[in-house]
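**Student:** Residue numbers (my numbering): 294 to 782. Just so you know, even glycine gets a beta-carbon here, dropped at the ideal spot from N, CA and C. All values derive from a computational prediction rather than experimental measurement.
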Ligand code: NAD
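1. Tell me whether residue 455 counts as near the ligand NAD, meaning its Cβ is closer than 8 angstroms to at least one heavy atom of that ligand.
2. What's the C-alpha gap between residue 706 and residue 762?
3. Which residue or residues does DSSP assign as beta-bridge partners of residue 756?
4. Return the residue from the list 653, 684, 678 that minimises the CA-CA distance to residue 587.
5. My output table needs one value for residue 482: the three-state DSSP class, helix, strand or coil.
6. Looking only at DSSP bridge pairs, what is residue 540 linked to?
7. Nearest-angstrom Cα distance between residue 591 and residue 393?
8. Below 8 angstroms, is the gap between the Cβ of residue 310 and the nearest heavy atom of the ligand NAD?
9. Less than 9 angstroms between the beta carbons of residue 523 and residue 749, yes or no?
10. Indicate, with yes or no, if the ligand NAD has a heavy atom lying under 8 angstroms from the CB of residue 461.
11. Cβ atoms of residue 755 and residue 540: under 9 angstroms apart, would you say?
12. How many Å lie between residue 654 and residue 318 at the Cα?
13. For the region 736-751 and the region 709-725, state whether three or more C-beta atom pairs, one from each stretch, are separated by less than 8 angstroms.
14. Pick helix, strand or coil for residue 342, following the three-state DSSP scheme.
15. Using 9 angstroms as the threshold, is the C-beta distance between residue 440 and residue 511 below it?
16. When the Cα atoms are used, what is the spatial distance from residue 427 to residue 404?
17. Taking all protein chains shown into account, decide if residue 448 is buried (16 or more other Cβ within 10 angstroms of its Cβ) or exposed.
18. Look at the alpha carbon of residue 351 and the alpha carbon of residue 521, and state the distance between them as a whole number of angstroms.
19. Near residue 677, what residues of its chain come up, given a Cβ to Cβ distance below 6 angstroms and the 5 sequence neighbours on each side ignored?
20. Does the separation of the CB atoms of residue 537 and residue 751 fall below 9 angstroms?
21. Does the distance between the C-beta of residue 468 and the nearest non-hydrogen atom of the ligand NAD fall short of 8 angstroms?
22. Report yes or no: do the region 621-635 and the region 411-423 share at least 3 C-beta pairs separated by less than 8 angstroms?
23. Between the Cα of residue 442 and those of 778, 418, 569, spot the shortest distance and give me the residue it belongs to.
24. Please indicate yes or no: does the CB of residue 748 lie closer than 8 angstroms to some heavy atom of the ligand NAD?
25. Can you check whether the CB of residue 546 is closer than 9 angstroms to the CB of residue 579?
26. Give the DSSP-derived three-state secondary structure of residue 438 in the structure shown.
27. Under the three-state reduction of DSSP, which class applies to residue 620: helix, strand or coil?
28. Quick one: residues in its chain with C-beta nearer than 8 angstroms to the C-beta of residue 638, no 5 flanking neighbours on either side, listed in chain order?
29. State the Cα-Cα distance for the pair residue 595 and residue 309, rounded to the nearest angstrom.
30. Using the C-alpha atoms, what's the distance from residue 507 back to residue 715?
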């Protein structure tokens with residue numbers, strides 16, 4: 294069976310590691326190919342070449358560096374259908390969802406093409422007679438992205454285009470669960486003649502990530518994944534002197550006020566909770582209805598969730614694909630069980646016990662649990678599956694208290710037609726991304742992708758000018774040039 298190769302210094306190379314891991318199609322349960330488990334030697338080789346390439350790449354004018362990004366954009370546009378299909382096969386999401394993340398990746402490339410302007414520093418003339426002072430931004434060296442499984446295309450593009458546009462060289466480590474999507478993108482990008490060593494890809498799991506954390510050439514790391522690993526990467530990376538931004542897990546709440554437009558709220562929240570089978574870090578995981586909102590919302594929600602067709606993401610009639618793995622399915626089913634033991638009432642049970650019905654795939658249909666208790670495990674734990682918990686609050690203050698009670702702070706949303714309620718929520722919600730009448734509060738590429746509390750470790754975020762600042766360091770220059778020196782010539 295095929296073992297996926299690494300892309301280092303403009304060449305496809307076999308991993309030095311002899312251990313492999315299977316990559317499974319989550320819709321069928323069938324093994325598709327193998328990915329190397331990863332090892333230090335692979336990262337050391339990639340980082341050495343990236344370091345060599347850096348000495349030349351940093352001196353290529355930014356206006357020329359971004360020409361390669363224009364090439365990336367047209368390749369992703371031209372091959373979107375093919376890339377989406379690979380993404381769906383590996384990750385399970387629907388083709389429409391795979392296409393959508395390719396668009397998000399492209400938007401980040403477009404913003405990164407503004408690097409020549411975004412890198413501009415400040416300039417002050419004559420801070421004293423004949424003396425000027427200014428700031429220049431310079432690249433750091435070798436950067437790396439350690440990516441999660443749930444957005445195989447988009448997430449590395451929150452960082453990589455910015456990093457290389459600023460003159461860094463780069464290593465992407467895709468998730469070992471979805472390695473082929475980025476591999477195909479690299480095959481296509483190899484047509485662009487990007488100078489050797491500027492863009493590299495090394496596969497593997499923890500060993501590869503650890504090697505990135507230890508490598509002396511790697512100066513900056515962008516991590517996205519679960520909170521425990523984010524904390525680990527942040528601690529070890531910064532202890533080793535690297536700049537680290539680490540995005541972690543989430544448990545996002547949505548408040549529905551009695552004055553919300555219920556049709557709209559139900560549609561948007563259903564899509565938010567069950568899109569990508571609930572495997573989005575901005576997905577609605579808990580809904581808190583306020584006052585009279587409860588009855589209408591809950592009834593309409595069950596109807597809408599029932600209508601979501603679960604199946605293979607390659608089928609155009611499918612609304613929701615499988616979860617990523619058998620282990621993930623078991624973990625989610627255990628959490629549903631735990632939720633019922635804690636007093637949760639199952640309004641819609643998506644657990645599929647008949648293996649014939651699943652056809653070997655890791656399917657769970659939309660599941661809704663009501664009566665979630667404050668402080669219960671199901672309220673606190675990230676489920677990362679198609680399970681929506683329902684809570685109730687007598688007023689907005691109580692609802693906001695519930696929103697803010699967990700350890701995560703990725704996103705919080707409110708549905709209301711009342712500007713004052715929306716404004717209060719926007720101010721008081723302890724979350725990095727806030728939505729008003731929005732189900733997935735995903736920032737556009739020209740805004741930073743925020744995150745608070747246990748959902749983010751670091752300072753500067755991915756996307757936008759933040760990514761430019763993360764992948765550059767400032768140099769403050771002060772110069773004296775007296776007029777009389779010019780008169781000598
Ligand atoms: P994960 O933490 O299991 O893996 C993420 C990456 O870390 C992978 O590349 C993996 O190989 C590596 N890794 C795993 N364990 C490691 C370890 N012990 N040491 C070093 N590296 C390790 O996450 P996942 O299951 O791939 O992705 C789902 C998680 O990602 C969810 O928690 C989700 O909320 C989060 N996520 C967050 C955001 C965000 O913007 N905050 C976006 C997408 C996903």
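**Tutor:** Taking the structure as given:
1. no
2. 28 angstroms
3. Per DSSP, none; premise fails for residue 756.
4. 684
5. helix
6. 517, 749
7. 29 angstroms
8. no
9. yes
10. no
11. yes
12. 8 angstroms
13. yes
14. helix
15. no
16. 25 angstroms
17. buried
18. 34 angstroms
19. 572
20. yes
21. yes
22. no
23. 569
24. yes
25. yes
26. strand
27. helix
28. 662, 663, 664
29. 51 angstroms
30. 45 angstroms
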